[in-house]
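**Student:** With the working numbering, the residue at position 40 of the sequence shown is 100, and numbering never jumps. I have a structure here, written as structure tokens, and I will follow up with some questions on it.
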Amino acid sequence: MAKAVRAASAESGVDFSYLLAKAAVESNFDPTAHAPTSSAAGLFQFIDSTWMAMIRDHGAEHGYGAYAKAIKDGTLTPELRREILDLRYDPKASAAMAAEYTKDNREYLERTVGSDIDEADLYLAHFLGAGGASRFLKALRADPDACAADLFPQAARANKAVFYDHGRPCSLAEIRDRFADKLDAYAEAAGGTAAQTDPRLDSLYFPGLASGSVGGGRGLGDWAFLRPTGSAGPLVPITGDQALPGNLSFAVQTALAALEAPGEAGQDDPARRGAIR
61 MAKAVRAASA
71 ESGVDFSYLL
81 AKAAVESNFD
91 PTAHAPTSSA
101 AGLFQFIDST
111 WMAMIRDHGA
121 EHGYGAYAKA
131 IKDGTLTPEL
141 RREILDLRYD
151 PKASAAMAAE
161 YTKDNREYLE
171 RTVGSDIDEA
181 DLYLAHFLGA
191 GGASRFLKAL
201 RADPDACAAD
211 LFPQAARANK
221 AVFYDHGRPC
231 SLAEIRDRFA
241 DKLDAYAEAA
251 GGTAAQTDPR
261 LDSLYFPGLA
271 SGSVGGGRGL
281 GDWAFLRPTG
291 SAGPLVPITG
301 DQALPGNLSF
311 AVQTALAALE
321 APGEAGQDDP
331 ARRGAIR
């Protein structure tokens, strides 16, 4: 699995540590994972429509040209569609498309919002989808004090801990600032900057992220700001393949593990991709 992620990172230029952290959050490094409440599957938990769009747009670059052509030409048979969807369980294919998806998110935000895209903005893209993050950031620039729940009612209903502060609706600026502030707080808690590593995380396992429970947003004890749903669990030391890589910073690991894993709404972004059935 790590070899596949490293190859995807080297080929795409997407940070290796970021991709590994995403794999930990999405599937707990299980290439066979399948979410029980959605079509999300594989190492990076792509839903059906997003995966088909990724293969259509990027498949030819990674040796899947015949599949990409069939999708574009409209000659897709049920059998061929199943073959394409089953590629999600191939770590090499899944990692390659995850890297492309990350690049697409950044490029989309840079194109629609501006070039100054930072980690907090990418977390917004993870949380709301690239289209949602773009709308959020544009609205933020127009009126930082606007009520976020009014602009994103569905997301607010599902993520009250993010959109409300003890029942009070938060502004766009408050949510964006709290994302950024929490990243800084995680770095300070680790005793250094976000670029530093913390040996405490060399062998930690995030409970609730194994196959069959993807998307629960569980783990990391009481660090619950970006964990709006699911129950917290203790950090459990383990060894072996499930251990998180030590080269990930404390800030990045804690923030990523606490994020709500994107589901049907977050990944299948109509601002960028047409539906493929």
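By construction, the Cβ of each residue, glycine as well, lies at the ideal position given by its N, Cα and C atoms.
#1: Would residue 212 pass as a contact of residue 182 if the rule is Cβ separation under 8 Å?
#2: Looking at the secondary structure, which residues open and close the alpha helix (DSSP H) in which residue 115 lies?
#3: If contacts are defined as beta-carbon pairs under 8 Å, then residue 151 and residue 95 qualify, I think. What distance do you get, rounded to the angstrom?
#4: Ends of the alpha helix (DSSP H) at residue 154?
#5: Going straight from the alpha carbon of residue 108 to that of residue 140, what length do you get?
#6: Can you tell me whether residue 220 is buried or exposed? The criterion is at least 16 other CB atoms within 10 Å of its CB, across all chains shown.
#7: Does the region 114-127 come close enough to the region 153-164 that 3 or more CB-CB pairs lie under 8 Å?
#8: Check whether the Cβ atoms of residue 68 and residue 80 sit closer than 8 Å, and answer yes or no.
#9: Where residue 178 and residue 165 are concerned, what is the direct C-alpha to C-alpha distance, given to the nearest angstrom?
#10: Using the Cα positions of residue 147 and residue 111, report the straight-line distance between them to the nearest angstrom.
#11: Quick one: Cα of residue 131 to Cα of residue 226, how far?
#12: Using a 10 Å radius around the Cβ and a threshold of 16 neighbouring Cβ atoms, would you call residue 102 buried or exposed?
#13: Return the Cβ separation of residue 223 and residue 209 in integer angstroms, given the expectation that the two are a contact with Cβ distance under 8 Å.
#14: Please classify residue 286: does DSSP put it in a helix, a strand, or coil?
#15: Would you please verify whether the beta carbon of residue 114 is less than 8 Å from any beta carbon of chain C?
#16: Look at the Cβ atom of residue 149, then the Cβ atom of residue 91, and state whether they are nearer than 8 Å.
#17: Spatial neighbours of residue 72 within its chain, please: C-beta separation below 7 Å, excluding the five flanking residues on both sides.
#18: Would you tell me roughly how many angstroms separate the C-alpha atoms of residue 241 and residue 180, rounded to the nearest one?
#19: Can you tell me which of the three DSSP states residue 175 falls into?
#20: If we ignore side chains and look at the alpha-carbon of each, how far apart do residue 87 and residue 144 end up?
#21: Classify residue 93: buried if its beta carbon has 16 or more other beta carbons within 10 angstroms, exposed otherwise.
#22: For residue 198, is the classification buried or exposed, using 16 other Cβ atoms within 10 angstroms of its Cβ as the cut-off for buried?
**Tutor:** Taking the structure as given:
#1: no
#2: 108-118
#3: No, residue 151 and residue 95 are not in contact; Cβ-Cβ is about 17 Å, not under 8 Å.
#4: 151-172
#5: 13 Å
#6: exposed
#7: yes
#8: no
#9: 12 Å
#10: Put simply, the backbone Cα of residue 147 is about 9 Å away from that of residue 111.
#11: 47 Å
#12: buried
#13: With 8 Å as the limit, residue 223 and residue 209 qualify as a contact, their Cβ atoms being about 5 Å apart.
#14: With a pLDDT of only 31 at residue 286, under 50, the local geometry of the prediction cannot be trusted, and the value read off the model is given with reservation. Coil at residue 286, not helix or strand.
#15: Annotation note: the requested chain C is absent from the structure, which comprises a single protein chain.
#16: Yes; because the gap between Cβ atoms is below 8 Å, this pair is in contact.
#17: 159, 160 and 163
#18: 9 Å
#19: coil
#20: 19 Å
#21: buried
#22: exposed
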